[in-house]
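Protein chains in written order, with our numbering: chain A, 2 to 371; chain B, 2 to 371; chain C, 2 to 371; chain D, 2 to 371. Think of the CB as a built atom: it goes at the ideal place given N, C-alpha and C, for glycine as much as any other residue. Just so it is clear, the structure is predicted and the values come from calculations on it, not from any experiment. Below: one structure, written as C-alpha cells.
Number of protein chains: 4
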Amino acid sequence: MSGSTFGNLFSITTWGESHGAGVGVVIDGCPAGLALNEKAIQTYLNRRKPGQSKFTTSRKEADQVEILSGVFEGHTTGTPISLLVRNENQRSKDYSSIQNLYRPGHADYTFDKKYGIRDYRGGGRSSARETIGRVAAGAVASAILDSLGITLTTFTKAIGPVVIPEEQYHFHHITENALYMPNNTYATEASAYLEGLIKTLDSSGGMVECRVAHMPVGIGETVFDKLDASLAQAVMSIGAVKAVEIGDGTAVAQAIGSQNNDTFYMENDEVAKKTNHSGGILGGMSDGSELILRASFKPTPSIAQSQRTITDSGEETVINIHGRHDPIVVPRAVVVVESMVAITLVDLLFANMRCRMDKIKSFYMEEKDV
Amino acid sequence: MSGSTFGNLFSITTWGESHGAGVGVVIDGCPAGLALNEKAIQTYLNRRKPGQSKFTTSRKEADQVEILSGVFEGHTTGTPISLLVRNENQRSKDYSSIQNLYRPGHADYTFDKKYGIRDYRGGGRSSARETIGRVAAGAVASAILDSLGITLTTFTKAIGPVVIPEEQYHFHHITENALYMPNNTYATEASAYLEGLIKTLDSSGGMVECRVAHMPVGIGETVFDKLDASLAQAVMSIGAVKAVEIGDGTAVAQAIGSQNNDTFYMENDEVAKKTNHSGGILGGMSDGSELILRASFKPTPSIAQSQRTITDSGEETVINIHGRHDPIVVPRAVVVVESMVAITLVDLLFANMRCRMDKIKSFYMEEKDV
Amino acid sequence: MSGSTFGNLFSITTWGESHGAGVGVVIDGCPAGLALNEKAIQTYLNRRKPGQSKFTTSRKEADQVEILSGVFEGHTTGTPISLLVRNENQRSKDYSSIQNLYRPGHADYTFDKKYGIRDYRGGGRSSARETIGRVAAGAVASAILDSLGITLTTFTKAIGPVVIPEEQYHFHHITENALYMPNNTYATEASAYLEGLIKTLDSSGGMVECRVAHMPVGIGETVFDKLDASLAQAVMSIGAVKAVEIGDGTAVAQAIGSQNNDTFYMENDEVAKKTNHSGGILGGMSDGSELILRASFKPTPSIAQSQRTITDSGEETVINIHGRHDPIVVPRAVVVVESMVAITLVDLLFANMRCRMDKIKSFYMEEKDV
Amino acid sequence: MSGSTFGNLFSITTWGESHGAGVGVVIDGCPAGLALNEKAIQTYLNRRKPGQSKFTTSRKEADQVEILSGVFEGHTTGTPISLLVRNENQRSKDYSSIQNLYRPGHADYTFDKKYGIRDYRGGGRSSARETIGRVAAGAVASAILDSLGITLTTFTKAIGPVVIPEEQYHFHHITENALYMPNNTYATEASAYLEGLIKTLDSSGGMVECRVAHMPVGIGETVFDKLDASLAQAVMSIGAVKAVEIGDGTAVAQAIGSQNNDTFYMENDEVAKKTNHSGGILGGMSDGSELILRASFKPTPSIAQSQRTITDSGEETVINIHGRHDPIVVPRAVVVVESMVAITLVDLLFANMRCRMDKIKSFYMEEKDV
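Quick look at the structure:
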C-alpha cells in the first residue's frame, strides 16, 4: 500500500533517488539456504548499466552492489537481504536550470502536485535509477527460479517500426547485439533507425518480450491475484510502460473463438497444447506451456530538442534538457522486465504451496518424521 | 494475497461459484455517511445481466442484490458492507457431460491441477458470475467517485474487426445500442458481424475502453502501486482480458519522443496538456487530463462447435459444449471494467490523503477545533 | 488494513451487525480437499451460543450457519468459503431508549466520533455477535490443525477472584460445567460468585487460557509477524480483552534469568525443555513445547444498575440498560479465543512452508515427478 | 506477511544482523514536508545505546545513523526513507565457542529448526540490535505525532520486585536516573537489586509503561485492526516481551462491571471520563483519555552462570556465555516500546482519514479550490 513494496511472501521494498546517497532494496521472505553472493547480483545489474553502447547514456556508473544482511557464509539465512548501491558521478548541476520547470512526459508536475516538494535532481525517485533495486532483487528471484528449473528469456522485440516476428527469433543472438534483440539483422536495422533519431535529437519507443519455460501448472491465485494480473501490475509499474500483453495480447480483440482456443492433446503422456494463444495462462493460472508477456515502452521523454512547457508557478516557457539520456529505454529495460517477472513468479510459487490439504499434510508430516 | 481480496483501504472480497448457493462481496473500508440502497447497486448489476439482447445468453437471471450489513437508515456506517446475490435457474445437468473434460480456453485444466478438485458446474469460481461481486462493489465505488465529482465513461471500442476510431465517438450512443458502442452505425456493423459468427457457431473478441474525467492530480502511489500499475492488475484480473493499455498503449512502441511528449500549457489559469498520449498518467500518478484505459478481451471460449480436447485422465476426445453462452463477452464486460477502475481509483484516492504533512495537520487540527 | 480482514494466506473477512440482516465471514485461502460441512461449523458456533446456562443471556438465537460457497461434494475447493448466519429474534426496541446515550464501557461514543453515525441497535458492529464470523472461521481453521495433528485446549482459568492454579487443571472437567472451567470445584465456587453479582446487578471479569499441543518447531515469522505478536493481535482484537500473556506472562517482570530460562535436554532422542516459562515460543517461533496463551476479559459493561453518563449532545444524564446481558463474557468467549488462535496458527503454518530452499525444491520437484 | 515489515500506510521494513555489515530500516509512506535530519534520529537512537550505565553492556557502539534517501533539503519528500547504521566493534570470536550450542531462553534452537541455518554471531537477526531499525523509524513517527500535538511518555515501571505505583510517578525523574524510572527513590532501590543480581551472575525482568496524551477520538479500525490489537502486535513483537496490557490490563479479570466502567461526564464542554480503567481505548478506538500500555519483559536470557543445554547434534552439555550482556533489558527497551507505539499510532491516524464521506469530500474539494 505504501507503494515501494511489492510481493507478499517474497517481497521487495525499494528506495532511493537518482542523486541521493544511493539506491537499494530490502528483500524479505527469501528462503534460507540459497547460494548467493554479490557477484551473482552484479551480473544482473550490469545488464542495466549505462555506457554499454552508443544507444545508452555515456554516464559511467559503477553501480557496485553491497550485501548488507541476510547472507551468511555464502548462503541466505531466511532473514531480510538488504542490498545497497551507492550513487556516484552525480552531476546535480545539470538539473539546476530545470528545477522550476515541468519536463514534458516526466513526473515533475505530478510529483510536485502530490507532495508539494520534489527532489528535482535527475527525476529523484522517478528516475530510472529506481530500477536498480528491482534488478538486484530480480537477480535473487532468478536464482530461486533457476534452482526450480524455471528459465526466463527476455529480449527487445521491437524498436520503433522495427518489429521482429516470432518466427525470426534466434535466442542466441540476444547477447550478440547491443540492443538485446533476438535477431542480429533486425538489430542492425534498429541501430540505423536509432542513429537517425539521435541526429534529429529525438527518441524511440520499443517493446520487450519475456518468455518463461518449465513453469509448473496452476501457479497464480484465483480472481485478483491471478498470474497475469500480478504480472500486469509488476510490469506496468516500470516507468515508461504503457501496455502489458499476455499471449496474443491486443490481437485477441480481433480473433474468433475457434482459432483462439488452444487445443489440448497428449504428448509423451503429458498434457500439451497445439497452439499457445493464451501465452501460458488459463483462468489466471499457468497452464504449463510457455508464459509469454510483452511490455510496450514509450520513447524516452528527455530529448535534446527545445520543447514548450510551463514553470511551477504557471508561466509558459521553453525547456532545453541537457544531461546524458538514452535515445531509447528498451535495451536497458530488458533486465528490468525480467526482474519484475521473476519476482512475481517466486511470490506466486510460494503462495501456491498452501493450496492443497494433501500437500500441506505431507509437508508437515514429513517434517515430523525427520 | 489470498486472491479474492482487492484493494487496501477500500477493499473488496468476492466469493461464490456459478452453481453454488450464490455469489457476493464484502466491501471493507467504505466511508460512513454515503447514501446507499439496493436500487443503486441493482442498476449497476443490471448492466451485466444476461438476456438483454440476442448477443447475450438467453438465461434469465434475476440477480437481485441484498444488502446484509453496513447500511443503516439509508447510509453507510463505515462497517463492512456485505452484498449477496442468490444463484437461481442453474441447470447443473448441462455440465455433467463435460465434468471429466477440459474445455479448451477455459480454466478447467489449471483448476484441476492446482487444487486437485474442481466444481465443474458452469466453471465454478472461474465463471463470469464471479464478476457480480465486482460490479456490486463497483456500484458503491462509483457512488463515492460521483460525490467527488469524478465521472467514468465506459464502452465497447471494438468487436472483432469493427473498431471505432476516437474521432467517431458519440458518447450518448452508448446506451442506445445493445453493444454499448459509442457509435450506432458501428454498432450495426458489429451486430452483423456477430450474427455471422452465431451462424458458424463461433465467437468474437473485443475491446473495452474506460475514460475518467475530473481526476485530482497526483493520485497513485510511486513505484509499485502506481495508478497505471494498480489499474493493470485490476483490469487484467477480469477473466478473458489479455491486454491492458493506458493512453496510446501499444502504439507508443512505434512512437518518437517529440510527438509522444504531451506539451504543458496554461488554459484559464490551469495547467493543461496540448495532447494526451499519456492517457492521464505521468510517473504513475494522475496528471489531471482524462484517464484513458483499454482492455482487450479474447473471444468467448465456450463455442458450440465440436472441439478436440482431453479428459482429466489424459485421453484425447471430442467435446461438445451445450448450455447458453454469449458469442462475445464484451458488452456485458463493460460494466465490469468500469467497476474495477472505480474500485481502484477509490482505493488510491484514500491512500493519497496521507501524503502531505500540511494536509494531515489541517485534517486533524480542524477536528480538534470542532 | 480495512480492519475486518485478518490473516494473509489463510484470511478471514467478517461482517455484520447485531441487528442487521445477519453476520458472516468469508474465508479465503483455505486449501482444497478439506472435508467440511455445516455440522462441523455448527458445533463450534454452538459453543458460543447464548441461552446455555443461567450465566448467559436468555436470548434464544438459532445461529444456524449456511455455507454459501467454496465447498463442493463435501470438500473445500480452494475458493473462498462464505458463511452466513441470519440474525433472528432481534428486539431493536430494547435499544431505542438509549440511542442518544453513550453506554459506559461500550464503543458508542468512539463509534459516533469516528464515523459520525452509528447503528445503535445492540452495539451494531461492536456487538459480541461480531464474533460469530470468527468462530465459524475458527471451526475451519481447527479442522485444518486437526488434520495436522495439532490440538487446542481452551478454557476459563479465572472468574473474578476464583483463579484455578495450573496444578489443579483437570481438562476433562471443561465440558462438565457451564463455565468451561477445568475444575468442577472451582466452577461451583465461581458460580456462587456470579450469582452474587447477578443479585447486585453487577458483572465480572475473567481469564481464558488456550494451550496448543504438537506444534511443529519454527512456526512464526521473525521480527513483526512473530507467533506471539500475531497471537497478541488476534486475541487483543476480541472485544473486552485488555491483556494478552504468553507463558509466564506478566510474572516474567519479577523473574530472574537463572529461573526463567528453560533448560534444553534430550528425551527419547527428541529436544525437550525442563520447564516451559516461555509458553512454547522462543524468538517469536514455536519451540515445540506446549503453547500457552492467556487473555484477560473485562467485566460485561452492560449492567442493570443505573449509571451516570452523557447524551450524544453533551448533556449529563442517567442510563438504565435493559435487554438481556451475560453477567460475564468469559464462558462464551472461550471458543472465540480458541478460534482466533487457530486462525493465526494456520496462517503462520502456511507462511512457514516457503522458508527453506531445500523444502521448496522438494515440494516442486515431487510435483513434476507426479 | 514476510515478517520484517510493519504497518500499512506508514510502514517500516527493518533488516540486519548483530554481526553483519549493519542494520537499518526503510520507512515507506512518510508524508512529504516533515522536517527531518540525522540529529533528530540520533537522539532517539542514543536512548537505546549501550554503555550508558553499569546496567547496560560496556560495549561501545557508535550507532551513527545515515539517511540514504527520502529527505531533500531538510524535509521529507514522500518517498521511502532509508536509514543505515553500520555495525562496529563486533567481537564475533566471542560467539565461536557457542556456535553449535543452543543458548537457553534464546532463539538459537528455533532459528536452526526453521531455517536450517543460522548466523550464530550475537544472535544474528534475533539480536537486540534488530531494534535499531525500529527506533530509527520511531524517531520519524514521533516527529509526526509531535506535529499533531500528540505526546508520548515512556518509562520503566518495574524492575523485578521494585514496582512503582501510579500515584508515585514523577515524570521529570525519568531522565534523572539511568533506569528511566519516574521515581528516583524507586530507581535507587532497583539499582541495588540489579547490583545483587550482577554479583550472582543473574538477570532481572521488568515492565515498561507508555502513556499517550492528546489522542484524537476514534483512532483504530474496527474488529481486527483495533488500536489495542495493533499495539499488542507491535509491542509483543519486541524480543523478550511476554505480556501486553491496556489500561487495567490483567487486573480486569478480577474486576466488577460497576467499578470497571468509566463514567462519562462533561468538563469544560468536553467529553471526559471520571476514571480511565479502559486505558484510553473503547471498542478498539481511542476514547480521548490517556492511552496506557504496559509491556512485561523477561530477564535477559544471556547470563554468566554455567547452564545445562544441548548441542545442535542433540548432545547434552554445559554452556558458558561470555561476551557483554545487560543484567536487564528494560531501560534500553523503553525507547523501543515508545517507537513501536508511535509507529502504530501514525499508521492508524492515517487509516482513519478515510472513514467519513464528509471529510473526504472536504479534503478533495478544498484541493480543487486551491
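Asked	Found
Which class does C/PHE265 belong to by DSSP, given the choice of helix, strand or coil?	strand
If you measure from the beta carbon of C/PHE351 to each beta carbon in chain A, is any gap under 9 Å?	yes
Note down, in chain order, all residues in the region 192-205 of chain B with a beta-carbon under 9 Å from any beta-carbon belonging to chain C.	none
Below 8 Å CB to CB, which residues in the same chain sit around C/SER5 once its five sequence neighbours on both sides are set aside?	THR14, THR15 and TRP16
Quick one: using the 10 Å Cβ neighbour count with 16 as the cut-off for buried, is C/ASN9 buried or exposed?	buried
Would you check if there are 3 or more beta carbon pairs closer than 8 Å linking the region 267-284 of chain D to the region 303-314 of chain D?	no
What residues of chain A sit near D/TYR116, judged by a beta carbon separation below 7 Å?	ALA33, THR78 and GLY79
Between the alpha carbons of C/VAL27 and C/PHE11, how many angstroms are there, rounded?	11 Å
Alpha carbon to alpha carbon, how far is B/ARG104 from D/ALA22? Give it in angstroms, no decimals.	55 Å
Going by the CB atoms, is the gap between A/LYS275 and A/ASP263 shorter than 9 Å?	yes
Between B/ASP288 and chain D, is the shortest Cβ-Cβ distance under 9 Å, so that the two count as touching?	no
Which chain A residues sit within Cβ distance under 8 Å of C/SER148?	MET358 and LYS362
Name, in chain order, the residues that DSSP records as bridge partners for B/ALA273.	B/TYR266
Could you name the residues that DSSP lists as bridge partners for B/HIS76?	B/ALA36 and B/PHE73
Could you give the C-beta distance for A/PHE172 and A/THR189, rounded to a whole number, given that I count them as a contact under 8 Å?	Actually they do not touch by this definition, with Cβ atoms about 18 Å apart.
Under the rule that 16 or more other beta-carbon atoms within 10 Å means buried, what is C/THR310, buried or exposed?	buried
Is the Cβ of A/ASP370 closer than 9 Å to any Cβ of chain D?	Note that A/ASP370 has pLDDT 49, beneath the 50 cutoff, so the model's placement of it is unreliable and the number below is only indicative. With 9 Å as the cut-off, A/ASP370 does not count as an interface residue toward chain D.
Distance check for A/ILE82 and D/ARG49, CA to CA, integer angstroms please.	24 Å
If you drop the 5 nearest sequence neighbours on each side, which residues of the same chain put their C-beta closer than 8 Å to that of B/ILE304?	LEU202, ASP203, SER204, ILE322 and HIS326
For the alpha helix (DSSP H) that contains C/LEU153, what are its first and last residues?	That residue, C/LEU153, is in no alpha helix (DSSP H); its beta strand (DSSP E) goes 152-160.
Which residues of chain B have a Cβ atom closer than 9 Å to the Cβ of C/GLY264, listed in chain order?	A small fix is needed here, since residue 264 of chain C is Thr in this sequence, not Gly. Ordered by position in chain B, no residue passes the 9 Å Cβ test against C/THR264, which lies about 39 Å from the chain.
Is A/GLU190 near the ligand ZN, judged by its Cβ being under 8 Å from some heavy atom?	In terms of ligand content, the structure shown is empty, and the ligand ZN therefore cannot be addressed.
Please tell me whether B/MET182 and B/THR152 are closer than 9 Å, where the distance is taken between their beta carbons.	no
Kindly list, in the order they appear in chain B, the residues whose Cβ is closer than 7 Å to that of D/THR223.	THR80
Look up A/THR111 in the DSSP assignment and give the residues it is bridged to.	A/THR111 pairs with nothing; no bridge assigned.
What does DSSP give as the partner residue(s) for B/THR14 in the beta ladder?	B/THR6 and B/VAL27
So, is the C-beta of B/ARG135 closer than 9 Å to a C-beta in chain C?	no
Tell me the start and end of each unbroken alpha helix (DSSP H) in the region 193-252 of chain D that is at least 4 residues and wholly inside, in chain order.	228-237
Given this structure, state the Cα-to-Cα distance separating D/TYR365 from C/ARG119, to the nearest angstrom.	24 Å
Can you list, in chain order, the residues of its chain whose CB lies under 6 Å from that of A/GLU246, leaving out five sequence neighbours each side?	ARG295
Go ahead and pull the three-state DSSP assignment for A/SER127.	helix
Pull out every residue of the region 248-263 of chain D whose Cβ sits closer than 7 Å to any Cβ of chain C, in chain order.	GLY248, ASP249, GLY250, THR251, VAL253, ALA254, GLN255, ALA256, ILE257, GLY258, SER259, ASN261, ASN262 and ASP263
Just verifying my parser: in three-state terms, what is the DSSP assignment at A/TYR365?	helix
On the criterion of 16 or more Cβ atoms from any shown chain inside 10 Å, does B/GLN65 qualify as buried, or is it exposed?	exposed
Who are the near neighbours of C/ARG18 in its chain, counting only those whose CB is closer than 6 Å to its CB and skipping five residues on each side?	This sequence places Glu at residue 18 of chain C; Arg is not what is there. Once the five neighbours on either side are set aside, the close Cβ partners of C/GLU18 are ASP120, GLY125 and ARG126.
Compare the C-beta of C/ARG49 against all C-beta atoms of chain D and say whether one is closer than 9 Å.	no
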